[in-house]
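Residue numbers (full-length UniProt numbering): 241 to 613.
Written out below as structure tokens is the structure these notes cover.
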Ligand code: G6P
């Protein structure tokens with residue numbers, strides 16, 4: 241069927257705004273909203289008790305979804321996870337442990353490197369899974385287990401709704417793994433399932449940041465030649481994804497960094513010309529991230545802080561106070577924060593590209609799916 245933009249200027253904008261529905265559809269395939277549990281068919285698709293290690297393989301935005309999922313798999317399900325870009329994994333002869341599950345994460349299910357890596361794992365005798373948005377794709381057909389995302393067709397080259405659908409499916413699988421590995425009881429399962437079920441509504445609330453982010457994009461980002469993104473914990477790979485999104489569609493050089501690594505290099509880049517986007521949900525690392533904000537502001541850097549707890553940000557004095565812009569997102573639990581905070585990151589890149597006048601849906605040199613090496 242022909243997919244149209246409707247009232248939106250670009251497919252990317254439409255796809256960003258579709259995320260309450262695309263996440264809802266994906267979550268419905270993994271969670272039982274009445275029993276407040278992971279669906280029986282998903283629990284039957286795998287027994288994470290038998291899995292010793294999860295090897296996630298992906299490229300681009302899908303790779304960052306895997307990196308984010310690692311935090312939750314290890315913390316909540318106690319499952320060791322390795323995540324690697326497929327182009328490295330496939331050529332380095334990795335040492336695989338018995339009982340590993342190889343999982344490809346891919347929107348298209350056709351990315352050449354990811355497919356080759358998955359095939360290599362199958363050849364090593366490993367169990368394989370494909371978490372893909374195109375359910376008829378080669379990866380979907382070849383893997384032992386198909387874990388679908390239901391983002392619907394994604395037309396914009398820069399991935400948005402497929403990414404949050406991947407996160408929705410991956411976090412649902414984290415709950416599945418935690419139950420099967422005896423790390424959480426039924427009450428805790430219901431708690432995490434409830435959090436996931438609340439994400440579509442919270443995404444809608446996050447979309448309200450749109451006009452404020454458009455202003456920041458125009459004033460702070462669109463005229464910059466470099467932007468730094470910082471985050472801690474699962475917000476570190478989201479910072480990498482934010483930087484990737486900005487590079488892809490606005491052609492502005494951007495780097496994502498673990499906020500704790502600031503003083504090991506990127507702090508040397510801080511000046512009034514280089515905006516620093518800080519992703520700071522209300523989690524146990526908030527104070528540490530807030531102190532990085534102070535370090536940047538004290539050096540004359542401009543900070544754009546995205547947080548749901550502006551009241552917790554320590555007051556800055558003098559010029560430093562003027563260099564801090566806080567954009568308030570909806571309150572959310574750290575477990576689902578990667579999904580909710582994806583929205584402002586996408587909107588920031590989108591509006592920056594629009595202000596610069598680049599081709600948002602068809603950025604130069606990029607392809608929607610890289611099916612040849
Ligand atoms: C290309 C696209 C990205 C995508 C990546 C992986 O680089 O431009 O948006 O994240 O391929 O694609 P896949 O289909 O495997 O998720």
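The beta carbon of each residue, even a glycine, is placed where N, CA and C say it ideally should be.
Remember, it's a predicted structure, so these values are computed and weren't measured experimentally.
CA-CA distance, residue i and residue j?
i: residue 369; j: residue 399; result: 21 Å
i: residue 319; j: residue 595; result: 43 Å
i: residue 449; j: residue 561; result: 22 Å
i: residue 330; j: residue 474; result: 25 Å
i: residue 347; j: residue 264; result: 17 Å
i: residue 536; j: residue 487; result: 22 Å
i: residue 298; j: residue 385; result: 16 Å
i: residue 479; j: residue 407; result: 15 Å
i: residue 411; j: residue 460; result: 33 Å
i: residue 402; j: residue 373; result: 7 Å
i: residue 424; j: residue 276; result: 14 Å
i: residue 295; j: residue 592; result: 35 Å
i: residue 349; j: residue 308; result: 20 Å
i: residue 353; j: residue 312; result: 25 Å
i: residue 328; j: residue 527; result: 35 Å
i: residue 614; j: residue 444; result: Outside the displayed range of the chain (241 to 613) lies residue 614, so it cannot be described from this structure.
i: residue 321; j: residue 559; result: 44 Å
i: residue 362; j: residue 610; result: 21 Å
i: residue 379; j: residue 607; result: 19 Å
i: residue 497; j: residue 506; result: 8 Å
i: residue 344; j: residue 360; result: 12 Å
Which term fits residue i, buried or exposed, when burial requires 16 or more other beta carbons within 10 angstroms of its beta carbon?
i: residue 304; result: buried
i: residue 495; result: buried
i: residue 605; result: exposed
i: residue 451; result: exposed
i: residue 550; result: exposed
i: residue 422; result: exposed
i: residue 599; result: exposed
i: residue 377; result: buried
i: residue 557; result: exposed
i: residue 472; result: buried
i: residue 253; result: buried
i: residue 569; result: buried
Quick one, which of the options has its alpha-carbon nearest residue i's?
i: residue 554; options: 532, 491, 280; result: 532
i: residue 582; options: 422, 518, 330, 385; result: 518
i: residue 602; options: 382, 360, 402, 590; result: 590
i: residue 617; options: 609, 593, 584; result: This structure cannot speak to residue 617, because the chain is shown only from 241 to 613.
i: residue 511; options: 524, 563, 523; result: 563
i: residue 334; options: 351, 366, 316; result: 366
i: residue 314; options: 460, 292, 566; result: 292
i: residue 382; options: 295, 392, 356; result: 356
i: residue 521; options: 493, 566, 358, 557; result: 566
i: residue 427; options: 261, 278, 269; result: 278
i: residue 489; options: 457, 326, 547, 509; result: 457
i: residue 395; options: 492, 255, 586, 612; result: 255
i: residue 587; options: 453, 568, 509; result: 453
i: residue 430; options: 389, 268, 302, 273; result: 273
i: residue 262; options: 524, 476, 404, 516; result: 404
i: residue 514; options: 523, 463, 247; result: 463
Next item on the list: Could you pull out every unbroken alpha helix (DSSP H) segment of at least 4 residues lying fully inside the stretch 493–549, listed in chain order?
Entry: If we require 4 residues or more, the alpha helix (DSSP H) runs fully inside the stretch 493–549 come out as 526–538.
Check: Using 8 Å as the threshold, is the stretch 273–289 in touch with the stretch 411–420, meaning 3 or more CB pairs across them?
Finding: A contact exists between the stretch 273–289 and the stretch 411–420.
Next item on the list: Answer yes if the stretch 459–472 comes into contact with the stretch 496–508, meaning at least three C-beta pairs across the two stretches below 8 Å, and no otherwise.
Entry: Under the 8 Å Cβ criterion, the stretch 496–508 counts as touching the stretch 459–472, having at least three qualifying pairs.
Item checked: Segment contact, 8 Å Cβ cut-off, at least three pairs: the stretch 426–445 with the stretch 575–589 -> Taking a contact to require three or more Cβ pairs closer than 8 Å, the stretch 426–445 and the stretch 575–589 qualify as touching.
Check: For the stretch 533–545 against the stretch 473–489, are there 3 or more C-beta pairs whose distance is under 8 Å?
Finding: Cβ pair count under 8 Å is below three, so no.
Margin query: Could you tell me which whole beta strand (DSSP E) segments of length 3 or greater appear in the stretch 271–335?
Written below: Scanning the stretch 271–335 for uninterrupted beta strand (DSSP E) segments of 3 residues or longer gives 293–298, 321–325, listed from N- to C-terminal end.
Item checked: Complete beta strand (DSSP E) runs within the stretch 363–393 (minimum length 3 residues, chain order) -> The DSSP assignment places complete beta strand (DSSP E) segments of no fewer than 3 residues inside the stretch 363–393 at 367–372, 385–388, in order along the chain.
Notebook entry, point to check: Would you say the stretch 417–436 touches the stretch 338–345, given that touching needs at least three Cβ pairs under 8 Å?
Noted result: No, the stretch 417–436 is not in contact with the stretch 338–345.
Next item on the list: List in chain order: all unbroken alpha helix (DSSP H) runs of 4+ residues lying wholly within the stretch 408–453.
Entry: As far as the stretch 408–453 is concerned, its whole alpha helix (DSSP H) runs of at least 4 residues are 426–437, 439–447.
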